[in-house]
Every structure is written in structure tokens, then in C-alpha cells.
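Input: a single structure, listed below in C-alpha cells.
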RNA sequence: GCGGGCGUCGCCAAGUGGUUAAGGCAGCGGCUUGUGGCGCCGCCAUUCGGGGGUUCAAGUCCCCUCGCUCGCCCCA
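Numbering (the working numbering), first residue to last: -13 to 416.
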């Protein structure tokens, strides 16, 4: 084809699908409102350094998945691959943290240069939550509960909450040393990917899918055993809070998560119905990030939820949501003067709040009425040469039982103002 | 970046080397110069993602290329 196409991994959302997306967005908005969480919007484009410093140089996201380029001022810019770094940057930049803890949510497109597959695009959409300035274990559970309840409100079932603790920064540093030493002694036994990660990102080795590596790791020092007493107590408190909320979870000691900034609580909500990309929502605590980006020491927890994956799950439910927006009136006309009046009538009714479509084809009335019927409109207004001359409009009820006899002429002829009044009265009534 | 599958009209889809590329949906026109859900009739791919090659002959075989898709990796 010589015709232009969208870029790989950049998909169009067509009118047919938009209803589902708007439903998800509206439901999320409502859940956040109930939880006292305010929306924040940040630019799609940021200085590359923000992500390099925030997410971590050694991560895949920063190492090989960013859309990075030089702008006309020779600055290195990057299309945001995730939302947390930007939100934290904005909170620091505008001094929000000096006004107290912040409960924020965001939504919008993210960009990652990866091979597309089921549930994964290069431009994808996330809805995310960030609680900045919240240190207690109950806040971890609260953040998770907001995500859990959002999914429940949408009617998504069959989900599993996986939970782990990465411990404090000190725990991780200590464990990291242990693990690197242990891995170093068995270097030849590891798969290539894992070997390359021994020093750059040793914790990720734990999550390797290679069977050989996994078998070997059974005897590796465990992260859990490296946690300090405080960290262990904290993790237990999170679990107790979740239990109190009756949110079921499973412990997954291999859950490490890809981004550097996580500490303590890490979690994912997964579905078995999504193919290979099973994570619908992922998040965790990031107590060090705000400071790392130049802000005050600020404990924080957050998550991000993948819209495409969520919509995928919802569309599998086969429970059709709100049909196409119902049209109140379809205006049919033929002839130049009549069509001008039809346009004026459509506008008059629209200004009064009705949903009106006007047939612009000038085709035979038979054709126009056929379209009027298919449009789903409740009424049709007709303006032909006769009506145009009289300054009247024919009104026909397309849904009334009486009009089952197709071909019936318009029920009545009214002035535009009278027609509008009649429709408004009918819409208000039973 | 690496594997597997696939690419015929806006959508679905026959076709498996031999003359003019089925059919369905949608669309458009008509039967019905001004009135809808049914029906009937007609129109709608000089061309099979693109480019080479083999052959008397290719949508059908070969090569290259582009795209889509699923998976690896990774993650939302």
C-alpha cells in the first residue's frame, strides 16, 4: 500500500471502542474522587536525565526502550516511559511537598520502544496513583485497595494480587552484596542474560525465567532472610492491613520489579486471561525517589495500571456497555432553501441541548429516511419544498408503535419553535 | 534485538500453476421525482502488501522487502 500508516505500535482507537475507554476513565475518576485523590497532568516530554536518574540507568526501560532525541536546542528529550518520575518532578518543582502529603493520580499515554505484542504497544496508556509523604504500612494497603476496588467496580474478575517486600535501601544494599558474591561463584552456570546482570542489576536475576538458572537459585540466599527486623515487621503490617480489608494476596518472593526506585512493598495485580503480558497493575513503595530527584526526604507509594490490558479484559467480558449515544432528532431535507432551514433547525435544537444529526446528502427522501432509521434517532424532521415555502417542519416519530406502518407521512407540521417545544416536552415526560 | 504464524475490495472470505479473481456484509444507484426497518435488480479488486525471478502460463512456486500478529526479553 502506498497509503500512509500509523507507526508500529501506535494504534488508533476508533469510535466503536471509545465507549469502553470512557467508561474506564469515568470509573477511575470516580474511585479517585471517593478516595480524595487529586488529578495532576504533566508533560509527555521530559529531559532525558529525569528518567535516567529516576528509573535507573541499568533498567531495560532506560537502557533500551526510551524514545529519546535531541530537540532544536540540542537538549536530550525523552517521551515519558512511565508516570512516576514526572509526577515527583512536578511535586518538587512546584513545592507541593512543603504543603503536606500529596494524594495524586494521573492518566495518559506512555512510550516504550519495544516489539508490540498482545497487551503491549509502543504508545500505551496508564492510569496511576502516587501517594507522596505517606510512610505507614496502612498507606500501602490503602493504595492497593484503591486499585483493587477500581478493578472490582469495573467488574473485572479472576485477578490475583502478588506481594513481596524488597526491604529498605540498606537491606537491599546488604543483600545485593551477598547475592553478587553468591552469583559470582556460579557465573558459568547462569544463562547469558543473568550473567550480564550480575553487577548491573543482580536482583533481576532472581526473576530469570531460564529453568537452569531458576533451579540454581533455589539455593541462593533469599531476599526475605536479608530483611531487617524493622522491614519484616513493616511487611507483616502491610499483610495484616490487607487481610483486614479482605483483599486476598499471594506472596511472591521472586517479584522484584524492573525499576530501581522501589523499596519495601512491591506488588502486581495479574490476570491469566491476558496472554504473556499478564500484569494489569504494578506498583510499590519508593521512599528514596523524591530525594534522589532533588526533593525533601519523602516516603511514597504508588502504582500504574495498563489501560490497554484493562480494556482487553473488559472486552472479553462480552457484557456490552452503553450502546452508541442516542440521537434525539434526525433532520431530513431536500432542496436549497429547505436545506438551509434544516441546518437552522438542527442548530436551534442543538442549542437547546438535543442531539441532532442532519442529512447532508440531498438524496431522495427514501434514502434519507433509511439513514434516519439506522441512526437510531427517535424522531425525524422533514423539510421539503412545501415545508420550506410554509416555514414549517414535518415531524415524525420513528419509534412510536403507530409508525409501524412504514411509509406513513409525517405526523404533523409545526413551526421550528413549536417542534422544539414538543420534543422537549416529550423528552421530559415519561 | 531474536523466533513462529499470516498478508486476496472498507470488513469477513473462496481460490492449492491454466482462459474474464467466487460469495457475504457495508456502501452507492434503481424498483418507490416527498417519507424508514422486508424484498428484488444493478454498480462496487485490469488485480491478489511491494519488488525481483522461475514458467508458454503465477494470487497460487522461489528469493528479497515491507507490514500485521503471537511469543522470547521486559513490563502497564
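The C-beta atom is built at its ideal place from N, Cα and C for all residues, glycine as well.
Discussion item. Rounding to the nearest angstrom, what Cα-Cα distance links residue 412 and residue 116 in this structure?
Written reply: A direct Cα-to-Cα measurement between residue 412 and residue 116 gives close to 47 Å.
Item to complete: Output the distance between the C-alpha atoms of residue 163 and residue 303, rounded to the nearest integer angstrom.
Response: 47 Å
Practice prompt. Can you tell me which of the three DSSP states residue 293 falls into?
Written response: helix
Discussion item. By the DSSP assignment, the beta strand (DSSP E) with residue 382 in it spans what residues?
Written reply: Taken as a continuous stretch (DSSP letters only), the beta strand (DSSP E) holding residue 382 covers 379 to 383.
Item to complete: Reducing DSSP to helix, strand and coil, say where residue 247 ends up.
Response: If DSSP states are grouped into helix, strand and coil, residue 247 belongs with coil.
Worksheet entry | Per-residue burial, residue 339 [other beta carbons within 10 Å of its own, 16 or more giving buried] | exposed
Practice prompt. Report back the beta-carbon spacing between residue 26 and residue 73 to the nearest angstrom; my notes put them in contact at under 8 Å.
Written response: About 6 Å separates the two Cβ atoms, so the contact holds.
Worksheet item: According to the Cβ coordinates, are residue 194 and residue 157 closer than 7 Å?
Response: no
Worksheet item: How about residue 381 and residue 405: are their beta carbons less than 7 Å apart?
Response: yes
Worksheet item: beta strand (DSSP E) containing residue 318: first to last residue?
Response: 315 to 319
Worksheet entry | Beta carbon of residue 420 nearer than 7 Å to that of residue 118 | What is shown of the chain runs -13 to 416, which leaves residue 420 out entirely.
Discussion item. Considering Cα atoms alone, identify which of 197, 355 and 143 is closest to residue 363.
Written reply: 355
Item to complete: Check whether the Cβ atoms of residue 209 and residue 247 sit closer than 7 Å, and answer yes or no.
Response: no
Worksheet item: How long is the line joining the alpha carbons of residue 42 and residue 345, rounded to whole angstroms?
Response: 57 Å
Discussion item. For the segment 171 to 191 against the segment 248 to 265, do three or more pairs of beta-carbon atoms, one drawn from each stretch, fall closer than 8 Å, so that the two count as touching?
Written reply: no
Practice prompt. Output the distance between the C-alpha atoms of residue 86 and residue 408, rounded to the nearest integer angstrom.
Written response: 55 Å
Worksheet item: Does the Cβ of residue -9 have 16 or more other Cβ atoms within 10 Å, making it buried, or fewer, making it exposed?
Response: With a threshold of 16 other beta carbon atoms within 10 Å, residue -9 falls short and is exposed.
Worksheet item: Where do the ends of the alpha helix (DSSP H) carrying residue 54 lie?
Response: Counting along the chain, residue 54 falls outside any alpha helix (DSSP H), though it belongs to the beta strand (DSSP E) covering 53 to 56.
Worksheet item: Distance, Cα to Cα, residue 76 vs residue 28?
Response: 7 Å
Worksheet item: Between which two residues does the alpha helix (DSSP H) carrying residue 28 extend?
Response: First-last for residue 28: undefined, no H or E at that position.
Discussion item. Quick test of the definition: if touching needs 3 or more C-beta pairs under 8 Å, does the segment 175 to 185 touch the segment 119 to 131?
Written reply: no
Worksheet item: To the nearest angstrom, how far is it from the Cα of residue 254 to the Cα of residue 229?
Response: 17 Å
Worksheet item: Just how far apart, CA to CA, sit residue 187 and residue 233?
Response: 32 Å
Item to complete: Check residue 256 in the structure and name its three-state DSSP category.
Response: strand
Item to complete: Could you work out which residue in 383, 244 and 1 is closest to residue 49 when comparing CA atoms only?
Response: 244
Fill in: Residue range of the alpha helix (DSSP H) that includes residue 183
178 to 186
Worksheet item: Taking buried to mean at least 16 other C-beta atoms within 10 Å of its own C-beta, is residue 294 buried or exposed?
Response: buried
Practice prompt. Please name the residue or residues paired with residue 47 in a DSSP beta bridge.
Written response: Paired residues: none, contrary to the question.
Worksheet item: Taking DSSP as the reference, what is the three-state secondary structure of residue 69?
Response: coil
Worksheet item: When DSSP labels each residue in this structure, what does residue 18 get in the three-state scheme?
Response: helix
Discussion item. With a threshold of 7 Å on Cβ separation, who are the neighbours of residue 419 within its own chain once the five nearest residues in sequence on each side are excluded?
Written reply: Any property of residue 419 remains undetermined from this structure, which presents the chain solely from -13 to 416.
Worksheet item: Looking only at its own chain, which residues have a Cβ that is under 6 Å from the Cβ of residue 325, when we skip the five neighbours before and after it?
Response: 319
Worksheet entry | Span of the alpha helix (DSSP H), counted from its first residue to its last, around residue 360 | 351 to 361
Practice prompt. Would you mind sorting residue 269 into buried or exposed? The rule is 16 or more other CB atoms within 10 Å of its CB.
Written response: buried
Worksheet item: Are residue 110 and residue 53 touching if we call contact CB-CB under 7 Å?
Response: no
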